Structures are given as structure tokens and as C-alpha cells.
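Under the numbering used here, read the sequence shown as residues 32 to 433, first letter to last.
Okay, structure first, notes after.
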Amino acid sequence: MKRFTDEELLSLLNDTESDRAERKESFNGDVPKKARQAICAFSNDLPGSNQPGVLFIGASDNGDPSGLDITDQLLLSLADIKTDGNILPLPVLTVEKRTLKGAGMALVTVMPSDMPPVKYDGRIWIRTGPRRSIANEQEERILNEKRRFKNLPFDLYPVPTASLSDLSRTIFENEYLPSAFASDVLEANGRSYEERLASCKMITSPDETTPTVLGLIAIGKNPQDFLQGAYVQFLRIAGTELADPVIDEENIGGSVVELLRRTEEKLKAHNRSAVDIISAATHRIDQPYPLPAIQQILYNAVLHRTYERTNAPIRVYWFNDRIEIASPGGPYGNVTAENFGRPGITDYRNPNIGVVLKTFGYIQAFGRGIATARRALEQNGNPALEFVVNESTVLCVLRKTL
Numbered sequence: 032m033k034r035f036t037d038e039e040l041l042s043l044l045n046d047t048e049s050d051r052a053e054r055k056e057s058f059n060g061d062v063p064k065k066a067r068q069a070i071c072a073f074s075n076d077l078p079g080s081n082q083p084g085v086l087f088i089g090a091s092d093n094g095d096p097s098g099l100d101i102t103d104q105l106l107l108s109l110a111d112i113k114t115d116g117n118i119l120p121l122p123v124l125t126v127e128k129r130t131l132k133g134a135g136m137a138l139v140t141v142m143p144s145d146m147p148p149v150k151y152d153g154r155i156w157i158r159t160g161p162r163r164s165i166a167n168e169q170e171e172r173i174l175n176e177k178r179r180f181k182n183l184p185f186d187l188y189p190v191p192t193a194s195l196s197d198l199s200r201t202i203f204e205n206e207y208l209p210s211a212f213a214s215d216v217l218e219a220n221g222r223s224y225e226e227r228l229a230s231c232k233m234i235t236s237p238d239e240t241t242p243t244v245l246g247l248i249a250i251g252k253n254p255q256d257f258l259q260g261a262y263v264q265f266l267r268i269a270g271t272e273l274a275d276p277v278i279d280e281e282n283i284g285g286s287v288v289e290l291l292r293r294t295e296e297k298l299k300a301h302n303r304s305a306v307d308i309i310s311a312a313t314h315r316i317d318q319p320y321p322l323p324a325i326q327q328i329l330y331n332a333v334l335h336r337t338y339e340r341t342n343a344p345i346r347v348y349w350f351n352d353r354i355e356i357a358s359p360g361g362p363y364g365n366v367t368a369e370n371f372g373r374p375g376i377t378d379y380r381n382p383n384i385g386v387v388l389k390t391f392g393y394i395q396a397f398g399r400g401i402a403t404a405r406r407a408l409e410q411n412g413n414p415a416l417e418f419v420v421n422e423s424t425v426l427c428v429l430r431k432t433l
């Protein structure tokens with residue numbers, strides 16, 4: 032990630048606003064919204080400069096300091112833009128305080144995305160010179176074409192044996208699009224079905240309509256025909272050992288929404304509540320496991336598992352004393368076996384699957400799933416979450432209330 036010198040930053044400050052720089056005097060009013068629009072536009076890099084864009088907070092229109100107090104809270108608010116899930120795919124950015132022209136300013140440096148188009152609040156924002164606007168059809172096509180020449184993550188790989196007919200148009204148009212794009216954008220949209228699929232990265236391009244891994248997982252009719260391991264193996268075991276009798280089992284497949292819905296139905300059916308009407312003046316409902324904790328670990332398994340070169344499913348094994356959820360593929364990127372599960376340590380093997388889960392409402396913000404699960408377990412009186420991490424698997428253990 033490039034770190035600008037003071038001289039480079041002063042050059043951007045002293046020049047007129049361009050496709051690589053935007054200035055804001057404060058972070059009040061509608062500035063947080065406009066700042067996100069600017070970050071989205073820098074990520075899309077429509078002019079193709081392949082250079083970072085810089086958002087200056089605490090700078091007047093002429094580049095002089097506005098006198099804004101650069102607090103830790105302001106820097107945290109700017110950093111939260113990266114993971115609050117409003118800009119998708121997640122932007123690559125840094126936040127820092129710099130002293131320029133004798134005063135403090137907050138800087139957000141944004142790298143061009145490898146996976147355009149990038150959306151904020153369901154809209155594709157772009158920047159051409161000082162103009163920031165929503166992309167029209169031709170500009171969106173340009174962004175789609177740019178993506179074809181990047182080093183793509185596996186979830187955007189084409190699946191040559193699949194065809195357009197293997198994707199569900201009903202799910203895409205009736206469920207995914209209304210959640211992915213703002214209603215006014217959809218109403219004004221004259222794009223073809225293929226162009227919309229390409230914009231959402233479900234196919235390679237409007238002209239090359241081969242479904243991607245993402246497309247099959249998100250809206251595929253039978254994703255497991257092409258990604259054999261993309262299912263959940265559920266077992267309810269009457270005991271504490273794998274050799275004990277199995278009283279319920281199912282291999283759960285389908286597109287990601289169907290897979291998660293059916294798995295959650297299984298989990299709810301076995302997570303029977305007990306009502307205590309004796310020990311307190313009012314009745315109390317006890318669950319062996321808090322449902323939000325199980326859900327968050329399941330969503331994490333779907334998001335972070337490897338789909339490449341494996342036929343292994345996600346395993347959800349429910350024993351009498353614990354639930355084990357095993358995800359194929361070890362830690363990825365910045366995450367290691369040593370720092371796994373620590374707050375603020377996260378990386379994404381499948382960033383575009385993360386976008387799909389956010390769009391369908393399974394993720395509200397990124398990087399908070401484990402923290403949410405830990406809090407839910409603690410509040411329910413369960414033992415702490417356990418992880419067993421190696422190069423090929425991440426195993427999460429949730430233990431029953433004592």
C-alpha cells in the first residue's frame with residue numbers, strides 16, 4: 032500500500048480536485064455519506080490511473096487547513112468505512128493523521144479495486160476529474176471489462192462446464208437485484224440480463240456468459256453439480272464420540288440462501304428450549320446454545336472455506352455436549368493459526384461471496400462474526416468458543432451450557 036510523501040500530498044492539496052483527490056472541511060452533516068461516495072469512486076478508478084486516491088478530512092476547497100481537530104474517534108469512524116458493509120466489495124484503504132501546512136488532517140488513501148464495479152448503497156460511483164457521479168451503462172461496461180484483466184480471487188473464476196441456463200434468473204431478478212441495487216437505479220436501468228449478471232460478477236462478461244464460481248454459489252440451480260464440496264454435512268450424534276449412534280443426518284445443498292436456510296432449520300429443530308417456571312418469579316427460557324452464535328460460526332464457515340481443489344463439505348456435527356463446525360481450508364492471508372480469532376485480524380479468501388452474504392442479509396458488517404458469537408455464548412452461560420486451526424481445516428467448537 033503506497034504511503035504518500037508530504038511533497039506528494041501537498042501537490043494533491045494545492046492542485047484542483049481531480050479523480051485522485053477530494054477535500055472535506057469536517058466530518059459532519061452529510062460528509063460521511065459523501066466520503067463513502069468518494070471512496071467508492073476512487074476504488075472504481077474509471078480513468079484507469081492505477082494510482083491511489085486520497086480523501087482529505089480537515090482541508091478547505093482551496094487546500095488550506097480548516098482547523099478541524101483530528102481526534103481518535105474521527106480516525107476510528109473513518110476506518111470503520113472499510114468494514115461496515117456499505118461499500119462492496121470491501122475497499123482497500125488506510126487511515127492516518129498527517130501534519131500538512133502546519134495543521135493536522137485525516138487522510139483516507141484508497142487503492143483501485145481489483146474487482147470493479149464497486150458499489151456504495153447500491154450505486155456504482157465513479158469520478159472523472161472533479162466530477163463524482165453514478166456510472167451510466169457505458170461506464171459500467173468499462174468497469175466490467177477492467178475486471179477481466181486483473182488477478183482475480185477464486186470466487187470469480189469462470190466455470191467452463193457451466194452455462195447461463197445453470198443460473199436461476201428468478202432468484203437473481205426477484206431476490207438478489209432488489210437487495211444489491213437501489214430501487215431508483217433499477218428503475219432507470221436499461222441493461223440486459225447478461226449485463227446485469229456481469230455487473231454482479233455472476234458471469235465473466237456480457238459477451239462471455241460463462242458462470243463464475245460466485246454465480247453458481249449465489250444463484251445456481253444445482254451448484255453441487257460443478258462445486259462438489261459446496262454443501263453442508265449435518266450429523267446429530269447421540270453421544271460424545273463420532274462412533275456413537277447417528278439419530279439425524281442430511282447433506283444440505285443448493286444455492287447459498289437455500290443451503291443456509293435449510294441448515295438453520297436443522298439447527299433450530301435440535302436446539303430445543305427448556306422453560307424454567309420454578310427457580311424464579313417469572314419463567315425463564317433456556318437454550319443449550321444461543322442461535323446467533325451458531326449462525327455466525329456457520330456464516331463464517333461458508334464465507335471463509337476454500338472451494339478450490341476440494342470436495343470436502345462444511346461439517347456440522349452436533350454431539351450431546353458440543354457442536355463442531357469444520358470448514359475446509361486453513362487460515363488465509365493476514366490470518367494465521369497463531370492470531371486466529373483475535374479482534375481486528377481478518378482477511379477474505381472469498382471476498383465476493385462476502386458481498387453476496389451481505390446482500391442477502393446474512394452479514395451486517397464484516398469482521399465481527401466471532402466477536403458476536405463469543406458475546407452470545409457468554410450471555411447464555413456457555414463455555415468460551417474454541418478453535419482448532421491447521422493448514423487444511425478450521426474447526427470451531429461450541430460447548431453446551433453447564
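Backbone N, C-alpha and C fix where the C-beta goes; we use that ideal spot for every residue, glycine too.
Note that the coordinates shown come from a computational prediction; the quantities given were computed from them, not determined experimentally.
Cross-strand partners of residue i (DSSP beta bridge)
i, result
"residue 429", "354"
"residue 136", "129"
"residue 124", "141"
"residue 216", "Answer by DSSP bridge pairing: none, since residue 216 is not bridged."
"residue 55", "88"
"residue 418", "427"
"residue 347", "265 and 356"
"residue 282", "264"
"residue 49", "52"
"residue 96", "90"
"residue 151", "118 and 154"
"residue 277", "268"
Cβ-Cβ distance between residue i and residue j below 9 Å
i, j, result
"residue 149", "residue 122", "yes"
"residue 432", "residue 320", "yes"
"residue 105", "residue 55", "no"
"residue 260", "residue 414", "no"
"residue 101", "residue 89", "yes"
"residue 242", "residue 284", "no"
"residue 236", "residue 171", "no"
"residue 269", "residue 351", "yes"
"residue 277", "residue 355", "no"
"residue 114", "residue 396", "yes"
"residue 206", "residue 391", "yes"
"residue 66", "residue 153", "no"
"residue 363", "residue 346", "no"
"residue 107", "residue 41", "no"
"residue 372", "residue 401", "yes"
"residue 357", "residue 424", "yes"
"residue 333", "residue 273", "no"
Where residue i falls, given that 16 or more other Cβ within 10 Å makes a residue buried
i, result
"residue 331", "buried"
"residue 232", "buried"
"residue 226", "buried"
"residue 306", "Residue confidence is low: residue 306 scores 46 on pLDDT, short of 50, so the model does not pin down where it sits. Its coordinate-derived value is still stated next. Per the 10 Å Cβ criterion, exposed."
"residue 419", "exposed"
"residue 267", "buried"
"residue 64", "exposed"
"residue 313", "Unreliable positioning characterises residue 313 in this predicted model, as indicated by a pLDDT of 49, which lies under 50. The coordinate reading is nonetheless provided below. When all chains shown are included, residue 313 counts as exposed."
"residue 196", "exposed"
"residue 422", "exposed"
"residue 53", "buried"
"residue 169", "exposed"
"residue 38", "exposed"
"residue 374", "exposed"
"residue 186", "buried"
Whole-angstrom C-beta distance between residue j and residue i, which should lie under 8 Å
i, j, result
"residue 240", "residue 248", "Their Cβ separation, rounded to whole angstroms, is 17 Å, which puts residue 240 and residue 248 out of contact at 8 Å."
"residue 208", "residue 217", "6 Å"
"residue 158", "residue 58", "About 20 Å separates the two Cβ atoms, so there is no contact after all."
"residue 294", "residue 257", "So it is not a contact: roughly 20 Å between Cβ atoms."
"residue 299", "residue 322", "7 Å"
"residue 151", "residue 68", "6 Å"
"residue 50", "residue 160", "6 Å"
"residue 94", "residue 44", "4 Å"
Residue closest to residue i, alpha-carbon to alpha-carbon, out of the options
i, options, result
"residue 34", "156, 350, 126 and 259", "126"
"residue 83", "328, 36, 116 and 97", "36"
"residue 77", "64, 178 and 356", "178"
"residue 199", "245, 396, 161 and 152", "245"
"residue 143", "163, 80 and 194", "80"
"residue 271", "224, 353 and 210", "353"
"residue 318", "410, 117, 392 and 382", "410"
"residue 75", "357, 301, 146 and 153", "146"
"residue 383", "118, 329, 303 and 361", "118"
"residue 338", "412, 52 and 263", "263"
"residue 238", "282, 223 and 385", "223"
"residue 426", "374, 375, 335 and 376", "335"
"residue 202", "167, 116 and 251", "251"
"residue 289", "325, 221, 393 and 340", "393"
"residue 155", "133, 120, 343 and 124", "120"
"residue 136", "165, 46 and 96", "96"
Residue i CB to nearest heavy atom of the ligand GDP below 8 Å
i, result
"residue 97", "The model depicted lacks the ligand GDP and carries no ligand whatsoever."
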